[in-house]
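Protein chains in written order, with my numbering: chain A, 3 to 376; chain B, 3 to 368; chain C, 2 to 563.
Idealized CB from N, CA, C, for every residue including glycine.
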């Protein structure tokens, strides 16, 4: 691996007319890294990818690839393979010809190009479809061909725009791990754009969360999950419960936040001033449900409104009266032992440990807007 | 609100048999999801129910009324499309008011009615807003309001969240259920997203290649799927092939590539080929520092912190790969390359006869 | 793992089997990467467009500025000119609206009906395209006016004499397929899901179509209207044949030319050019904003209109109109041409005796002009097509070109010819052959460019984006992707341009002093300026129909194999 960063964006902005699609973005991606750019539709992810590919040029700022400035260099001279959302396989060429396009365009002989194409097809296990045309293949296969085509040009950089977007949910889970494995085996740097935080969390070395054209946080998945820097992030990546309140007591390592009359939440940490307007948030899977009362802190009674299956958890919606409604994710085996599905309608108790409570300053916009409820 | 009965419906397209004698019963006020891989026929079934496609044979009853030959406008249903299909040339409000308008209702009363529906769906949109100015989620909510405003007896949802961002999907699906339940409607929701279906349905119908594979509540189908396909399609599962060594007194011993596995079960014969489905959360890994040749040990190939849970891929000594997914306990996971041993949770092992057509075909998701 | 990182460019001394041709292509590819080369390519295309296609027809007339308004001194002539212009517009607007109403149900049937007749009707609807307009003119003249046409079916009261009624019948017939083609294309691209959504909300089929589909198809309706309008306004040859003593714009210009009255000729040409350009641009800007009546709904009445019986009745009426007013009149020319086989005219034609030697000369001329014009259009039209389709130079620039490119077909071709003649005649001494080639090129350019633009626009930009990031230079992308994916459009556009050129009468009438093309000769034969028997006319036209049919057959066969 080289020591030069594979991609470097320095204060890049892109404006279309009056819309600022990308807002002063600075990024550095190391050689061989698998980075996911995560964000909702319209956040500018595709524009970012196209800027790196050279399909559009920044309004201000500069871009470097492998240490060389490429800000206004045309795409064919950048050596960054781009795979768009709909794959854009060349419909009039066979699979083999599609994959051989890159080397051929770069000046390799037809024989060499086809040899490389065959190598790539073997890698994605589609050698037996080399003579087929794109429209004869399933969505999953088309995606693999698009990848093989991108990799055949031996670019050190792969830019993927929602590569798994058009694929069924179940297949997506399987294919994304294969995608990561392929990239790691070949040692390519990957920028993978997606709106699916589960996808990003499961395969990225680092995630850049993009919102309205600017980067909210660029970190390892565990750090974005464990230490999100804003309520938006806590909600968008992983989901959480949120309670607005005011800091009523502050000690060395403990803060007490009043969220409703007579009820306060204890949180470890002391970053916020006394009297400050804050938002207390805690992850749904760190919210436990107890069937009997006790004198622990952060324990409150509520009515179990509904239960449903969610992955390896039982998702329980609890009505806490004037405090509001919260969601608890209880590991399935535990939930079945507690017979929670049968307890819908009963009074139960909800608890979140003080270390699990993250505190943020109250955002400028109303919390609902900030969390992008619609 | 009536029960829905689908009786022996068959539909062929050119040379593809989309629906192969499908029969189904849905109770009043149920929220039922029909799920399956692309091409399984779920959308075709929904369209036959709506009258958008005409089935080749079979009958459809809504309550006591046979609707088999009726055109869509006479079936009193609400339909949500994957493409959302809000009329681009009308404002959002006019879209929602379309149902009342074609019934001949107009004027102030109709407008108030539309306002009520908008409030119920928690839509805060100005009366001069056009669909192309709305976000994906707001568009689909408007489509929902529009369907509800037509006062349907039955809600049909055709991959309603397919065109939306993952995050929006995760939030809006609970809204769909809430509204349907609040209005006391029966809902039939088609999707390829099993997580979505499991999280909001009263019952699930699993389809594959034009036929109904299995029907049950989410918990039933997740914890005790009757078919291997269901075990693979609904949630994730490890599939372990082996041979039955012993089966008596409610205990089965299976040999898997030289190792043995013991669990509660019956109905299998010694020497029979068997497939065991084990959900990732039933595979419990622990560090193994003993260098002995114990069974069910191996090395960690990869571990991923997925936020609320941890996914650990282990390559076992006997050559099988196994995946474990357990809630994030905050403890340090076993490092990649280190040795681990696995335990299986009690009643976490579901046995199946080895399928005649081979395991790959049976499990195929495409 | 990154050992291959250096291998993304081929080694310089690679042993290769690259031929010389490939080497040339590769260096051209490389050259296309530079900004200057790209600008040069587009500049050539744009210059051709301006110098040959756009400026002469639109601005040439201004060279005769002084003479244009002399006609004011002759109030009778002025009055005659004014009513001719008015007649042109009135007929064009009326016919186009009626065509829209009559053609839309047929297009609907073709696309939506599941009957096996749908594709047959689709093919039949193309027949008037196959028949050159001069043949159509004669066909209409004999069917509606002669003794063996409609009068033999329904009685002698149904005969029409040449005049404005026949012009209307003629224009209806040749504008009808335009409407049908445009609407079939629009309906095939229309997402039926909107209509389905309306029906699930309780709307009957009729209501759904009226309140949802029609408003959404409005752009296509407007486009169809404009095309039909342009065709009606512009057509000269056939109109002259059936006009009798009546005058619309083109007929007046021809008469004025024959009488040597230059000022009224220039005046009418000028007014037609200005008025049609403004009309076209105006409709393009304002019509999208017009609202169709969609608010009121009468559920019971509309439900009855949706019934199967109502649908069948509607189809019946549509087919009847289609058969009587379009198909039969178009094909009527077959009779005299078949008759010519038996009465000895065919032998004379083959031998090339008498009037037939001029005939074959004129056919030869028509084809050479058409070939030259089409070749020019292809070479110079490609850069402009790319410019418009891919919005090079920005949305405004490509939008302007998009509009300008359409103007030559809106302006009546005879007025176009007058203007072109003035432009080139005033500036240089070009041989008449090339003058005709430029005139034809100007008129047929639009057909080629629009076909290419539609095709290029349908290629997702992502395809080209990917190709570029894989290392493809602009020319590589163009020749390996854009062109192969547009093969059909290129052939279709070329054939449309070619047949249009062979068919072209108006501009030729205005420009040619010595040379005579086939359609012009046919007009002379029919009007009696050159004496010819009716079977000779029939055969002469029949041969033209046949060649047109052959070229369209070639197109169908070639596209089926693509």
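Under the 10 Å beta carbon count, residue 485 of chain C is surrounded by fewer than 16 other beta carbons and is classified as exposed. Proximity to residue 284 of chain A across B/103, B/336 and B/310 peaks at B/310, based on C-alpha coordinates. The beta-carbon distance between residue 163 of chain A and residue 85 of chain A, rounded to whole angstroms, is 7 Å. This is short enough to meet the 8 Å contact definition. Scanning B/67, B/359, B/88 and B/273 for the CA closest to the CA of residue 231 of chain B turns up B/359. Against chain B, a Cβ distance below 7 Å from residue 204 of chain C picks out 75 and 104. In the assembly as shown, residue 249 of chain A is a buried residue. Its beta-carbon has 16 or more other beta-carbons within 10 Å. The CB of residue 123 of chain C never comes closer than 7 Å to any CB in chain A; the least such distance is about 24 Å. Legend: CB atoms of the stretch 476-491 of chain C lying less than 7 Å from CB atoms of chain A belong to residues 477, 482, 485 and 486.
Using a CB distance cut-off of 8 Å, residue 302 of chain C does not count as an interface residue toward chain B.
In the displayed model, residue 353 of chain A falls within a strand according to three-state DSSP. Taking a Cβ-Cβ threshold of 9 Å, the residues of chain A close to residue 466 of chain C are 52, 55, 57, 77, 84, 86 and 90, in chain order. A Cβ-Cβ distance of about 6 Å is found for the pair residue 482 of chain C and residue 464 of chain C, placing them in contact under the 8 Å criterion. By the rule that beta-carbons nearer than 8 Å mark a contact, residue 194 of chain C touches chain B. Within the DSSP bridge table, the entry for residue 71 of chain A names A/66 as partners. In the three-state reduction of the DSSP assignment, residue 261 of chain C falls in the coil class.
Secondary structure of residue 423 of chain C (DSSP, three-state): helix. Chain-order list of chain A residues neighbouring residue 204 of chain B: empty, with the shortest C-beta distance near 10 Å, by a criterion of under 9 Å.
Taking a beta-carbon distance threshold of 8 Å, residue 197 of chain C counts as an interface residue toward chain B.
Cβ-Cβ distances below 7 Å link residue 54 of chain C to 409, 442, 443 and 446 in the same chain, with the five nearest sequence neighbours on each side left out; the list follows chain order. Residues 132, 133, 134 and 135 of the same chain have their beta carbon placed closer than 8 Å to that of residue 96 of chain A, with the five preceding and five following residues left out of the count. Under a criterion of Cβ atoms nearer than 9 Å, the residues of chain A adjacent to residue 327 of chain B are, in order, 313 and 314.
When DSSP reads this structure, residue 194 of chain A sits in a beta bridge with A/38 and A/162. For residue 94 of chain A, the residues of chain C that pass the 7 Å Cβ criterion are 485 and 486, in the order they occur in the chain.
Residue 155 of chain A belongs to the set of residues whose beta carbon lies under 8 Å from a beta carbon in chain C. Ranked by Cα distance from residue 316 of chain C, the first of C/118, C/475 and C/361 is C/118. At least 8 Å separates the CB of residue 148 of chain A from every CB of chain B. Only exposed fits residue 435 of chain C, as fewer than 16 other CB atoms lie within 10 angstroms of its CB. Assigned with DSSP and collapsed to three states, residue 430 of chain C falls in coil, not helix or strand. Counting along the chain, residue 12 of chain A sits inside the beta strand (DSSP E) bounded by residues 9-18. For residue 93 of chain B, the CB contacts under 7 Å within the same chain, skipping 5 residues up- and downstream, are 129, 130, 131 and 132 in chain order. Residue nearest to residue 282 of chain C within the set C/369, C/405 and C/373 is C/405 (criterion: CA-CA distance). Taking all protein chains shown into account, residue 251 of chain A has fewer than 16 neighbouring C-beta atoms within 10 Å of its C-beta and is therefore exposed. Per the C-alpha coordinates, the member of B/58, B/329 and B/336 positioned closest to residue 304 of chain B is B/336. Closest in C-alpha terms to residue 240 of chain A, from the list B/100, B/114, B/45 and B/330, comes B/330. Taking the Cα of residue 530 of chain C as reference, the smallest distance to any Cα among C/105, C/241, C/477 and C/175 is reached at C/241. Distance from the CA of residue 238 of chain B to the CA of residue 281 of chain B, rounded to the nearest whole angstrom, comes to 6 Å.
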